[in-house]
Amino acid sequence: MPPMNRDLLINAIADALAAIGIEPDGAIELERPAQRDHGDWSTNIALATAKGAARNPRELAADLVESLEAASLDGVAKVELAGPGFVNFYLENASIHDIVRHVVDAGDSFGSADIGGGLRVNVEFVSANPTGPLHAGHARGACFGDTVARLLSHIGYEVTREFYINDRGVQMQTFADSLAARKAGQEPPEGGYRGQYIVDWAAAMPDDADPFEWGYARALDDQRSVLASLGIVFDRWFSERSMIETGAIEAALSALAERGVTYEADGARWLASTRFGDDKDRVLVRSNGEYTYLAPDIAYHRDKFSRADRLINVLGADHHGYVVRMKAAMEALGEDPAHLDMPITQLVKLMRDGEEVKISKREGDLIELAEIVEEIGVDATRFTYLLQSVSSPQTFDLALASSRAMDNPVYYVQMAHARMAGIVRNATEVGTERLPLADVDLSPLVHERELEVMRQLATFDEIVVLAASEHLPHRVTTWLREFAAAVHGFYHDCYVVGEGIEPELTQARLWLVEASTIGLRVGLGLLGVSAPEEMR
RNA sequence: GCGCCCGUAGCUCAACCGGAUAGAGCACCUGCCUUCUAAGCAGGAUGUUGUGGGUUCGAGUCCCGCCGGGCGCGCCA
Numbered sequence: 319m320p321p322m323n324r325d326l327l328i329n330a331i332a333d334a335l336a337a338i339g340i341e342p343d344g345a346i347e348l349e350r351p352a353q354r355d356h357g358d359w360s361t362n363i364a365l366a367t368a369k370g371a372a373r374n375p376r377e378l379a380a381d382l383v384e385s386l387e388a389a390s391l392d393g394v395a396k397v398e399l400a401g402p403g404f405v406n407f408y409l410e411n412a413s414i415h416d417i418v419r420h421v422v423d424a425g426d427s428f429g430s431a432d433i434g435g436g437l438r439v440n441v442e443f444v445s446a447n448p449t450g451p452l453h454a455g456h457a458r459g460a461c462f463g464d465t466v467a468r469l470l471s472h473i474g475y476e477v478t479r480e481f482y483i484n485d486r487g488v489q490m491q492t493f494a495d496s497l498a499a500r501k502a503g504q505e506p507p508e509g510g511y512r513g514q515y516i517v518d519w520a521a522a523m524p525d526d527a528d529p530f531e532w533g534y535a536r537a538l539d540d541q542r543s544v545l546a547s548l549g550i551v552f553d554r555w556f557s558e559r560s561m562i563e564t565g566a567i568e569a570a571l572s573a574l575a576e577r578g579v580t581y582e583a584d585g586a587r588w589l590a591s592t593r594f595g596d597d598k599d600r601v602l603v604r605s606n607g608e609y610t611y612l613a614p615d616i617a618y619h620r621d622k623f624s625r626a627d628r629l630i631n632v633l634g635a636d637h638h639g640y641v642v643r644m645k646a647a648m649e650a651l652g653e654d655p656a657h658l659d660m661p662i663t664q665l666v667k668l669m670r671d672g673e674e675v676k677i678s679k680r681e682g683d684l685i686e687l688a689e690i691v692e693e694i695g696v697d698a699t700r701f702t703y704l705l706q707s708v709s710s711p712q713t714f715d716l717a718l719a720s721s722r723a724m725d726n727p728v729y730y731v732q733m734a735h736a737r738m739a740g741i742v743r744n745a746t747e748v749g750t751e752r753l754p755l756a757d758v759d760l761s762p763l764v765h766e767r768e769l770e771v772m773r774q775l776a777t778f779d780e781i782v783v784l785a786a787s788e789h790l791p792h793r794v795t796t797w798l799r800e801f802a803a804a805v806h807g808f809y810h811d812c813y814v815v816g817e818g819i820e821p822e823l824t825q826a827r828l829w830l831v832e833a834s835t836i837g838l839r840v841g842l843g844l845l846g847v848s849a850p851e852e853m854r
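The opening position of the first sequence corresponds to residue 319 in the numbering used here, with each subsequent residue numbered one higher.
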């Protein structure tokens, strides 16, 4: 990064502090002020160290400013004392211009970093039972998990997307029995699956098919295809059943036993999870000899740890109770529980024109994810699910998300991209050729709209790192909305080609257009949303 | 009863590690198309951040207590 880089400024601040004999107790914090007139960067170091140094914060800050001014920092136009003791930095336009070269050089790797250093991250998400189509309740976790995977990959992790298939146990058998019953023209058994899709699938099932295997394959195909339509492709579909064959479950149970963290009681085998922070011990093998759900899940996580350095397991709100016991189980196996992250996605309430839409339609039938995608489109589906922090409950208005109007944020952002593309088309049509960036002087970019676009671009790197490492994809969505606003403003007030615009300005602006295009394209791409050339 | 998440403008939501005057969009009102898409731009109004304490230079953010909502608390998954 260019001289706007925080590390350089932090070093300068450290030097200036040393020069006035102050030793900071912690790291020097540098933040981007919320308000424009507080400059481009700001540090609270004087406030933070004043107490330890037994100094008045404002006086200390004044000394710091003086010391910084004496150092006459490259690219910094002004250093100012403000408020109770903040020190604000104002950059010269020339250092703001550098972001354009940075973005253009980076291209599609704009915002990428090497934080991960090739560390292997396994992201498990969706993991729905293979007993029917994916429904609306799966959508948020699907969009979230995939986007977290994209983000981590962008900052240098080696990412595997994984789907765990619960393909054994009572649920599957009930599903198979329900299919068989419908095939025979009968009602599903007591407690069976009663959805319309069972009737439809049974009708499509060949007479000689095994309902269990056929239904399993049908459900997987169905889930796989709707996910693919959303741009979500898993690297691995991990079968629970396969662990019976490989003996992985028994191996995991033995490993726990060897570590002395299991015991027998009441005819069952227990995991002493309370030793690792759980509020009660958990049964692994029931007194009838069957595994609880936990045993294969532990074996599965153990397997993932053998293949990856960090695990992420995206869960729905109704499974949050699972977090502590799985971490306990991993710790019991000698893994570092901090290497297992289990983000919880809170529930989504669906609305249409202000009225709540119930996720369950008829008995056994839920609103399918495919229906949502069909109604509002892939881009709007992903963008809308990624609009907010998943730790908050979400209200999702289908009518709003499907509207092509300006009240739909996804089109607002895409429109900004289409407009940039339109400028390039227009330039080509009138025969204006863009010169190589190395030959273009960016100093004509002094309009407040232009500066705002560049300032926003300069924040992207840190937003991506934050969004990826804290699993906060909505930070990218928010950035895109703000950036798009800056781009629309620039578009409106700064004509790029046309009469009365100096050729030098046109050249500089064409490169700002290019940088903006990259910013929008990369940001949208991280969310899995397309960046259209036109929106007609 | 215990645990997790949430409570911010009329509505939907932001707010990086505790920072300066809590921000956007929608809805409402007013302007702007004779050069690149008006799916846009500009301006206006909107707040006891559920509530009561505490911590400190500074709290929407951290701690404690209440109120309200969601989800869990099985030898189900």
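Even glycine gets a Cβ: it sits at the ideal position worked out from N, Cα and C.
- Under DSSP, Asp715 forms a beta bridge with Met669.
- Going by beta carbons, Asp596 and Ala646 fall inside the 7 Å limit.
- Contact between His415 and Met772 holds: CB atoms are separated by about 7 Å, below the 8 Å threshold.
- Phe594 and Val444 have their C-alpha atoms roughly 27 Å apart.
- The beta-carbon separation of Ala613 and Ile562, rounded to 11 Å, does not stay under the 8 Å limit for a contact.
- In the three-state scheme derived from DSSP, where H, G and I count as helix and E and B as strand, Lys676 is classed as coil.
- Going by beta carbons, Val418 and Trp829 fall inside the 7 Å limit.
- Distances from the alpha-carbon of Leu790 to those of Ser707, His810, Gly843 put Ser707 closest.
- Taking the Cα of Asn631 as reference, the smallest distance to any Cα among Gly565, Ser834, Glu817, Ala446 is reached at Ala446.
- Listed in chain order, the non-local C-beta contacts of Ile690 below 8 Å within the same chain comprise Ala454, Ala457, Thr699, Leu716, local neighbours out to five positions each way being set aside.
- Around the beta carbon of Glu442, a 10 Å sphere encloses 16 or more other beta carbons of the protein chains shown; the residue is thus reported as buried.
- If you look at Glu751, you'll find it isn't in any alpha helix (DSSP H); DSSP assigns it neither H nor E.
- Assignment of Ser360 by DSSP, reduced to helix, strand and coil, places it in the strand class.
- Put simply, the backbone Cα of Glu531 is about 11 Å away from that of Met523.
- With a cutoff of 7 Å on beta-carbon distance, Asn411 and Val764 are scored as near each other.
- Selection Gly425, Asn744, Leu327 evaluated against Thr835 yields Gly425 as nearest (Cα-Cα).
- Residue environment analysis places Gly344 among the exposed positions, since fewer than 16 neighbouring C-beta atoms fall within 10 angstroms of its C-beta.
- When the beta-carbon positions are compared, Gly846 and Gly549 come within less than 7 Å of each other.
- Cβ-Cβ distances below 7 Å link Val758 to Gln825, Ala826, Trp829 in the same chain, with the five nearest sequence neighbours on each side left out; the list follows chain order.
- In the structure shown, Glu558 adopts coil according to DSSP, grouped into three states.
- The three-state reading of DSSP puts Ala804 in helix, counting H, G and I together.
- Secondary structure remark: continuous alpha helix (DSSP H) runs of at least 4 residues inside the segment 755–802, in chain order: 766–787.
- Between the alpha carbons of Leu538 and Ala650 lies a distance of about 33 Å.
- Its chain contains Ala334, Ala337, Ile338 as the residues whose beta carbon lies nearer than 7 Å to that of Ser385, once the 5 sequence neighbours on both sides are disregarded; these appear in chain order.
- Where Arg827 is concerned, the enclosing alpha helix (DSSP H) starts and stops at 821–845.
- When rounded, the separation of the alpha-carbon atoms in Glu674 and Phe462 is 23 Å.
- Boundaries cannot be given for Lys598, as no alpha helix (DSSP H) includes it and DSSP labels it neither H nor E.
- For the options Asp627, Ile473, Asp464, His472, the alpha carbon positioned closest to that of Glu480 is the one of Asp464.
- When the five nearest sequence neighbours on each side are left out, the beta carbons in the same chain lying within less than 7 Å of the beta carbon of Leu409 are those of Met322, Asp358, Gly393, Val394, Ala395, in order along the chain.
- Closest option to Ala635, judged by alpha-carbon separation, among Asp621, Thr663, Leu629, Asp654: Thr663.
- If you look at Tyr618, you'll find it in the alpha helix (DSSP H) that goes 612–625.
- Contact check between the segment 773–781 and the segment 616–628: fewer than three CB pairs, one atom from each, fall below 8 Å, which does not count as touching.
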